[in-house]
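Numbering-wise, the sequence shown is residues 13 to 134 according to this note's numbering. By construction, the Cβ of each residue, glycine as well, lies at the ideal position given by its N, Cα and C atoms. Here's the structure we're looking at; comments come further down.
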Amino acid sequence: MTQERLSLGKFGEDLAFKEIKGLGYKKILRNYRCPLGEVDLIAMDGDTMVFVEVKTRKGRPLAYAKEAVNDRKRRQLSKVALFYMKSNNLNEVKARFDVVAVSLAGGEQQVEVIRNAFELAY
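Here is the structure:
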């Protein structure tokens with residue numbers, strides 16, 4: 013991955029972090045990695061654990077970023093989420109998947125949080 017793409021991704025994750033924090037999400041963990049992959053953010057929204065995937069696109073509309081979480085990515089995120097929950101003995105905790113779409117187009121920043129974006133897929 014190029015340095016430019018890494019910087020863009022980090023910038024989008026920073027915007028997403030601020031957005032979900034502003035929505036009241038708590039205990040936010042960034043860039044969780046395990047042998048099965050990684051997830052951008054893990055947070056609590058009330059009594060629900062939320063696994064957040066951030067998609068940032070430059071020069072493209074917000075819809076393009078929202079569509080970037082395909083079936084393969086959903087399966088990967090599901091595996092990581094299950095691993096995290098099992099490793100931390102959180103089997104009885106409610107969980108969901110959110111997607112934060114970030115668009116940087118025309119000098120504007122658009123951020124949209126899609127709650128409960130998809131179901132567990134494996």
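Whether residue i touches residue j by CB criterion (7 Å)
i, j, result
"residue 65", "residue 52", "yes"
"residue 67", "residue 75", "no"
"residue 26", "residue 62", "no"
"residue 125", "residue 31", "yes"
"residue 130", "residue 72", "no"
"residue 28", "residue 40", "no"
"residue 91", "residue 48", "yes"
"residue 24", "residue 114", "yes"
"residue 135", "residue 60", "The requested residue 135 is not part of the displayed model; the chain covers only 13 to 134."
Assigned secondary structure, residue i (DSSP; H/G/I helix, E/B strand, else coil)
i, result
"residue 26", "helix"
"residue 18", "helix"
"residue 31", "helix"
"residue 75", "helix"
"residue 44", "strand"
"residue 57", "strand"
"residue 50", "strand"
"residue 131", "coil"
Exposure of residue i, with buried meaning 16 or more beta-carbon neighbours within 10 Å
i, result
"residue 69", "buried"
"residue 105", "exposed"
"residue 88", "buried"
"residue 116", "buried"
In chain order, which beta strand (DSSP E) runs of at least 3 residues are fully inside the region 77 to 126? 106 to 117
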